[in-house]
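Using our numbering, the first residue of the sequence shown is number 1, and each one after it goes up by one. Before any comments, here is the structure.
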Amino acid sequence: MPGVVTVTAFGNSAAFATNMNLTNNGNGANIIDIATSTLPAGAAGATTINGAQSDVIFINGSSTVATTINAAGSAVSGAAAAGTTQPVLWVVDQGAPVVVDGGASQVIAFSSGLGSMSVNGGTGSHDIAVLITGSFKAGTGGGALMAGSANNAATLQGGGEGDILWALGSKNTLIGGAGNEIQGGFSGGVTFEGNLGAGASTTNMIANPGFGGHDTFITGHNTNLISAQSDTVGGNTFKEGVAGSASDVATINGFNVGADTVSLTNPAGGNYTTVTGSTATSGQIAVSVSGSNTVLNFGDGSKWTIVGVTSGIHFG
């Protein structure tokens, strides 16, 4: 569909607020703006999050120019007023690229793997991403459930409390957000990242044993709980992702002494050097043994506890 197409859909009617199949074969910019509901929840004609009203959009075609969808409550459509709810936005990528601003809507996205999708979940909650190719940042409302593509590159980022992120392929990157979140890997070669931004967080990174190893675990702010590949495959890399503080801690289970590596890359620039003992200055990692564990105290304040390991850690 060549040229610029802007569709404004109103969300206060019954059944579907929007039900559209867009075929994009041209080189124009296709824009779909979903109008923001101004009716309070429970009012006649108001949108619902669990009723019949939904915005359902199918994107297909051969164009390389992304279609833009601005959901209800987005910056383009207008902020959602307090006490209002917005319709669920369903987006199905059937081959052409699409960029989504989720606004205040719950976003439920499916990807065929033939196109690519870029989603900013906005302020919505309980987002769902199925086999996403591209990127999906969950809404700050939390409760998201996301799964990346088994075959293509995908980046999934948490947005709030209770998010669950699954990596189904080796090209998946999982990034923590604010709140308590779980990241799970079902393939070797996954990149796990803690919360690299603002907000209190506990990020659980879980690599299921027997799925190939060679994962990368990058610690972020606050609490990082890492359950690494613990069989003979190993080959994992552990590195610090942010210039830390005393509130940034990591507990690492499943470290393979024979194959895993602790990176000396300093997020503040340059590389760390290691020293023996419990005190590290800037640019150093102090290595000490506490019971059956090895403790790494970073010069920026971060602290890692590597459970069940007392010697033989490889730094690189």
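A virtual CB, placed ideally from N, CA and C, is assigned to each residue, including glycine.
Inter-residue CB distance, residue i and residue j (contact presumed, cutoff 8 Å)
| i | j | result |
| --- | --- | --- |
| residue 141 | residue 177 | Their Cβ separation, rounded to whole angstroms, is 11 Å, which puts residue 141 and residue 177 out of contact at 8 Å. |
| residue 73 | residue 122 | 7 Å |
| residue 256 | residue 234 | 3 Å |
| residue 259 | residue 226 | 16 Å between Cβ atoms; not a contact. |
| residue 321 | residue 144 | No answer is possible for residue 321: the residues shown for the chain start at 1 and end at 316. |
| residue 301 | residue 284 | Contact flag wrong, Cβ pair sits at about 12 Å. |
| residue 95 | residue 60 | 5 Å |
Inter-residue spacing [alpha-carbon to alpha-carbon] between residue i and residue j
| i | j | result |
| --- | --- | --- |
| residue 105 | residue 242 | 31 Å |
| residue 197 | residue 102 | 20 Å |
| residue 270 | residue 244 | 15 Å |
| residue 336 | residue 174 | Past the edges of the chain, shown from 1 to 316, lies residue 336, and the structure says nothing about it. |
| residue 19 | residue 93 | 14 Å |
| residue 312 | residue 247 | 27 Å |
| residue 180 | residue 132 | 22 Å |
| residue 28 | residue 58 | 17 Å |
| residue 119 | residue 204 | 23 Å |
| residue 111 | residue 55 | 17 Å |
| residue 213 | residue 170 | 10 Å |
| residue 107 | residue 307 | 39 Å |
| residue 50 | residue 292 | Note on residue 50: pLDDT 48, under 50, position unreliable in the model; the coordinate value appears next. Distance between the alpha carbons of residue 50 and residue 292: 51 Å. |
| residue 182 | residue 83 | 30 Å |
| residue 80 | residue 30 | 24 Å |
| residue 220 | residue 289 | 23 Å |
| residue 223 | residue 252 | 11 Å |
| residue 276 | residue 100 | 50 Å |
| residue 65 | residue 149 | 21 Å |
| residue 22 | residue 192 | 35 Å |
| residue 113 | residue 33 | 24 Å |
| residue 262 | residue 98 | 38 Å |
| residue 68 | residue 76 | 11 Å |
| residue 137 | residue 186 | 20 Å |
| residue 206 | residue 167 | 10 Å |
| residue 296 | residue 315 | 12 Å |
| residue 240 | residue 71 | 36 Å |
| residue 287 | residue 268 | 20 Å |
| residue 158 | residue 202 | 11 Å |
| residue 303 | residue 109 | 38 Å |
| residue 161 | residue 129 | 16 Å |
| residue 264 | residue 190 | 20 Å |
| residue 238 | residue 281 | 20 Å |
| residue 194 | residue 184 | 12 Å |
| residue 305 | residue 254 | 12 Å |
| residue 309 | residue 172 | 29 Å |
Under the three-state DSSP convention, the category residue i falls into
| i | result |
| --- | --- |
| residue 186 | coil |
| residue 36 | coil |
| residue 122 | coil |
| residue 307 | coil |
| residue 50 | Confidence at residue 50 is low in this model, with a pLDDT of 48, below 50, so its placement is unreliable and the value that follows should be read with caution. If DSSP states are grouped into helix, strand and coil, residue 50 belongs with coil. |
| residue 292 | coil |
| residue 64 | coil |
| residue 165 | strand |
| residue 313 | coil |
| residue 326 | The shown model of the chain, from 1 to 316, leaves out residue 326, and the question about it has no answer. |
| residue 286 | strand |
| residue 27 | coil |
Those residues which DSSP pairs with residue i across a bridge
| i | result |
| --- | --- |
| residue 56 | 19, 90 |
| residue 172 | 154 |
| residue 179 | 201 |
| residue 195 | 176, 221 |
Chain B contact for residue i (CB, 8 Å cutoff)
| i | result |
| --- | --- |
| residue 34 | The structure shown contains no chain B; it holds only a single protein chain. |
Check your understanding: If you scan the stretch 199–284 from start to end, which runs of the alpha helix (DSSP H) of 4 or more residues do you find wholly inside it?
Key -> Counting whole runs of 4 or more residues, the stretch 199–284 contains no alpha helix (DSSP H) stretch at all.
Exercise for review: Scan the stretch 74–162 and note each continuous alpha helix (DSSP H) run of 4 residues or more that stays entirely inside, going in chain order.
Suggested key: None, since the stretch 74–162 contains no complete alpha helix (DSSP H) of that length.
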